[in-house]
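When we follow the numbering used here, the leftmost residue of the sequence shown carries the number 1051, and every step to the right adds one.
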Amino acid sequence: MDPRREDSLVWRLPMFGGAGAPDNPEFDLPQAWAHALDAVARDLRCLRAGRDVNLDRLAWKFAVDDEYLVAIGWDGVRGLGGFMRRDGLMLDAGYDEAVVWVADTVQTELAGYEFVQWPSEGCHLFLTPH
């Protein structure tokens, strides 16, 4: 999914509170997705391992295409690259499905770094990437 396509709606939402970007769509995300993004963002601050990376400047990028398929990611910031991923999850997904997918997506993306900024206990990940 290319979030710059004219038929995509794209929201940019601060990961840790604050107002969204002024060019966001005029309506809010479905609550299931908003709560899923918030839950995963909170988890990113817990039990971290690896080098210190400032997550405060990260902003979610949430896109919906003309088929109502969702993509999530974030723009890169100093010390952490950006990504955008779409795997066939629909905008009308429930919270449980959305939060599992967001968590898996973020962990999969972060697992490619020389460090892991995902919640861990003694360098053991809580979720197993696949």
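Each residue gets a CB set at the ideal place from its N, CA and C atoms; glycine is no exception.
Source: prediction; values computed, not measured.
* **Among Arg-1128, Gly-1067, Val-1060, Ala-1089, the one whose alpha carbon lies nearest that of Pro-1075** => Val-1060
* Leaving out five residues on either side along the sequence, give the residues of the same chain with a beta carbon under 6 Å from the beta carbon of Val-1156. => Contacts found: Val-1090.
* Using the Cα positions of Leu-1079 and Asp-1102, report the straight-line distance between them to the nearest angstrom. => Whole-angstrom Cα-Cα distance: 31 Å.
* CA-CA distance, Tyr-1145 and Ala-1153? -> Using only the alpha carbons, I get a separation of about 12 Å.
* Secondary structure at Asp-1116, three-state DSSP: helix, strand or coil? -> coil
* Asked: Since Leu-1059 sits in a beta bridge, which residues does DSSP pair it with?
  -> DSSP lists Val-1114 as partners of Leu-1059.
* To do: For my contact list, Met-1134 and Leu-1119 are in at a C-beta cut-off of 8 Å; report their separation, rounded to the angstrom.
  => Between Leu-1119 and Met-1134 the Cβ distance is about 12 Å, and since that is not below 8 Å, they are no contact.
* What runs of the beta strand (DSSP E), each 3 residues or longer, lie entirely inside the region 1117-1163? -> 1119-1124, 1133-1140
* Name, in chain order, the residues that DSSP records as bridge partners for Ala-1109. => In the DSSP assignment, the residues bridged to Ala-1109 are Pro-1064.
* Asked: According to DSSP, is Met-1051 helix, strand or coil?
  -> Note that Met-1051 scores a pLDDT of 49, beneath 50, so its modelled location is shaky; the value from the coordinates is reported in the next line. Residue state, collapsed to three classes: coil.
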